[in-house]
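Okay, structure first, notes after.
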Amino acid sequence: MRLPPKTLVPALALSALASAALAHGYQAGNLGIQHPWSRETAPGQAVGGGFMTITNKSQSDDRLVSGTSPVAAEVQLHTMTMDGGVMRMRQVEGGIAVPARGTLELKPGSYHIMFMGLKRQLRQGERFPVTLRFQRAGRVTVQFAVQPVTSTGPIENGHAGH
Numbered sequence: 001m002r003l004p005p006k007t008l009v010p011a012l013a014l015s016a017l018a019s020a021a022l023a024h025g026y027q028a029g030n031l032g033i034q035h036p037w038s039r040e041t042a043p044g045q046a047v048g049g050g051f052m053t054i055t056n057k058s059q060s061d062d063r064l065v066s067g068t069s070p071v072a073a074e075v076q077l078h079t080m081t082m083d084g085g086v087m088r089m090r091q092v093e094g095g096i097a098v099p100a101r102g103t104l105e106l107k108p109g110s111y112h113i114m115f116m117g118l119k120r121q122l123r124q125g126e127r128f129p130v131t132l133r134f135q136r137a138g139r140v141t142v143q144f145a146v147q148p149v150t151s152t153g154p155i156e157n158g159h160a161g162h
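Okay, here's the thing in structure tokens:
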């Protein structure tokens, strides 16, 4: 099917806008924060998880030390480990290192953010703000995209993480 020239330009512009809306990245000093996402929660569910990739372009280490969000009473940093076949989640004290010239991946089954005391259900397709605090780079507010409960990675630009 061939589109007339008058409709081709608006169609291409709409496509570019849709792609830009799906991909979301943020800067905090020398840190790049890519694809913050969370899973949808059930009505009344008290906790939710948050995930993202943080890249440090600096010569110095940084640390993700805390976070806040209007959707949760508390934002905690956690790690998940297996201990004798039992999954254990623990809060990380003192923050999580973002290595110099390296990457920190917060993902299911590893380091992640926990939204404790959710004030409402997280619904697929919405976004919600989280202010992250880093030791060196300071504060940055990012938008977490809420994905299906079955997701195992960010769903961005046609790349499905489920």
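Just so we're aligned: the sequence shown equals residues 1 to 162 in the UniProt record's numbering.
Where is the CB? At the ideal position from N, CA and C, for every residue including glycine.
Using the Cα positions of residue i and residue j, report the straight-line distance between them to the nearest angstrom.
i	j	result
Ile-113	Ala-42	18 Å
Gly-161	Arg-120	Bear in mind that a pLDDT of 44 at Gly-161, under 50, signals an unreliable position, so the number given afterwards is only what the model happens to contain. So the alpha carbons of these two residues sit roughly 24 Å apart.
Arg-139	Val-98	15 Å
Val-71	Leu-122	8 Å
Thr-55	Val-146	22 Å
Leu-118	Gln-76	12 Å
Thr-53	Gln-34	5 Å
Met-82	Tyr-111	13 Å
Phe-155	Ile-96	Checking the sequence, you will find Ile at residue 155 rather than Phe. Cα-Cα distance, rounded: 24 Å.
Ala-46	Gly-102	33 Å
Gly-153	Gln-124	14 Å
Glu-74	Arg-90	15 Å
Gly-29	Ser-38	24 Å
Between the options, which has its C-alpha nearest residue i's C-alpha?
i	options	result
Ser-151	Gln-76, Gly-85, Gly-48, Val-142	Gly-48
Glu-93	Gly-102, Arg-101, Thr-79, Val-86	Thr-79
residue 174	Leu-31, Met-82, Ala-73	Nothing about residue 174 can be read from this structure; the chain reaches only from 1 to 162.
Glu-126	Glu-40, Gly-29, Gly-25	Glu-40
Val-86	Glu-74, Gly-109, Gly-95	Gly-109
Gln-27	Pro-148, Ala-137, Ala-73	Ala-137
Gly-25	Glu-74, Thr-141, Gln-91, Pro-148	Thr-141
So residue i and residue j are supposed to be a Cβ contact under 8 Å. How far apart are they, rounded?
i	j	result
Phe-115	Pro-36	Actually they do not touch by this definition, with Cβ atoms about 12 Å apart.
Lys-51	Leu-106	Reading off the sequence shown, one finds Phe at residue 51, where the question assumed Lys. Rounded, the Cβ-Cβ distance is 5 Å, consistent with contact.
Gln-135	Arg-63	4 Å
Can you tell me whether DSSP reads residue i as helix, strand or coil?
i	result
Gly-109	coil
Ser-58	coil
Ser-69	coil
Gly-84	coil
Ile-96	strand
Ser-38	strand
Leu-22	At Leu-22, the pLDDT of 46 sits below 50, so the modelled position is not reliable and the matter cannot be decided from this model.
Gln-124	coil
Thr-103	strand
Ile-33	strand
Gly-44	coil
Pro-129	strand
Nearer than 7 Å: is that true of the beta carbon of residue i relative to any heavy atom of the ligand FAD?
i	result
Asn-30	With respect to the ligand FAD, the structure offers nothing, as it holds no ligand at all.
Inset, instruction - Take every Cβ of the stretch 67 to 74, pair it with every Cβ of the stretch 124 to 141, and state whether three or more of those distances are shorter than 8 Å. - result: Inter-segment contact for the stretch 67 to 74 and the stretch 124 to 141 is present: three or more beta-carbon pairs are separated by less than 8 Å.
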